[in-house]
Structures are given as C-alpha cells and as structure tokens.
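Residue numbers (the working numbering): 4 to 239.
Here is the structure:
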C-alpha cells in the first residue's frame, strides 16, 4: 500500500507541475547540449599503446626524425600502368600544388624530380619531353619502380605529405590536401595518423548529435502512438 500511495503522489505531483517540469527538462537538455559543444575528444593513438611497447620506440624515433607523426599518405589508384609521360606529368603537377598549400612542410614524390647523368643533372619534366626512356632507366636503377604497386588489376602510387609541426588547423589542412588531389586525380585514398584521428572525431560527433535526438524522437512517437495525441504527449 505504501508503494501505491507513493506512486499516486508522484503522479499527482507531475500532473500539477507538468509545465514547470517540462521547462526544467528543456533547460537541462539545453545545458547538456552546450556541454557537448565544449566536449574535448582525445583520439591520440599514444593513449592506446603501452609505454614499454617496441612500437612506441619506433613512434618516438619517427617524431624525433621528422618532427611530427602527422604524415598524410595519399595513394593514387590507376586502372592502367602509370608509367607514362602523361601520368608522370600529372603526378608532378599534383606534388607542386600540394607544396603550395599553407602549412605544408615536405611532400615526397614517387617520381624523382631531378635525374643525374654523369656529372650533370636534368629536370625530370624537361627530360621526359625529350627522352622518356632515359627517365625510366634512371628510375629502374634507383629503385623508383618498386614504388609502383600492382594488385588486383590496379596500380598504386603513394605521395607522402608532412605538415608543419606548428600547424594549428589540421582539419582544414586535410581538407585542402583532399581537394587538391581530387581536382587532378579523383581516384585516390588517404591515410595517416592525423587523417584517421580526424575521421574518428567526426564519427564520434555524429554519434553524439544523432543518437540522443533519435532516442528522444522514438520515445515521443511511441507515446504519441499509445496516447493518440501529440499535444497531450508533450504536455502530459
């Protein structure tokens, strides 16, 4: 009986103060939403790797050598063997455009920019127009052809992009890299610590801004279906 009386008192309290409780609920949800906007999400891989792991030693060595672990890997996909002068010119144009992006420190091309012959050096692009065969011979001797990977009937080349260590907006930098590559060669993939961390952050934000509203909407639809009135569902 005590339990029944307690429930009846609770129902009576809610019925008498439903507008006030609705207002309080709205304020709490608003404060919760503002709290989500100030939420800081750390997607750093270092948190997931044991400090005594050999991988951490390699990771630390990479940071020591390059000043950052935020390298972006752009993998270009080709339906045919890209060992042609037109494809090489396309790749060189892409590398030049990537170097023009503010915040870029180093761009490593899969194609040599300078070719050595005896005691002379030649610009690769200029030499391609005159003697493409010499370019291929030099690439073969220096191991550049190993950078072209053939798999599943497709061919792949990789460009490494290293941003400045002081870069403040990695998201914008990744967006500019993607836009630059897409304008020249739409078939590509991207990877790298910073890129994956940005993707993880975006997915978490989608979860935060999608699941709670979806849960509220489902609850509202269920109660509206049972009660038969949207207005009654909200105010009662």
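For every residue, glycine included, the Cβ atom is placed at its ideal position computed from N, Cα and C.
- Short of 8 Å from the beta carbon of residue 86, and not among the five residues preceding or following it, lie these beta carbons of its own chain, in chain order: 139, 148 and 151.
- Less than 8 Å divides the Cβ of residue 166 from the Cβ of residue 176.
- The DSSP-derived three-state label of residue 86 is coil.
- Within the DSSP bridge table, the entry for residue 193 names 77 as partners.
- Straight-line spacing of the CA atoms in residue 181 and residue 25 works out to 46 Å.
- With contacts defined as CB atoms closer than 8 Å, residue 101 and residue 164 qualify as a contacting pair.
- Residue 92 holds the alpha-carbon nearest to the alpha-carbon of residue 113 among 92, 187 and 154.
- About 15 Å separates the beta carbons of residue 77 and residue 173, which is beyond the 8 Å limit, so they are not a contact pair.
- According to the DSSP secondary-structure assignment, residue 164 is paired through a beta bridge with 75 and 110.
- According to DSSP, residue pairing for residue 118 in a beta bridge involves 125.
- According to DSSP, residue pairing for residue 153 in a beta bridge involves 158.
- Ranked by how close their Cα comes to the Cα of residue 103, the residues 184, 215, 191 and 203 have 184 in first place.
- Residue 205 carries a helical assignment under DSSP once its states are collapsed to helix, strand and coil.
- Exclusion of the five residues before and after residue 110 leaves 98, 101, 102, 162, 163, 164 and 165 as the residues of its chain whose Cβ lies within less than 8 Å of its Cβ.
- Comparing C-alpha distances from residue 75 to each of 108, 89, 95 and 88 shows the shortest one belongs to 108.
- Residue environment for residue 198: buried (at least 16 other C-beta atoms within 10 angstroms of its C-beta).
- Comparing alpha carbon positions, the residue from 154, 178, 32 and 22 closest to residue 215 is 32.
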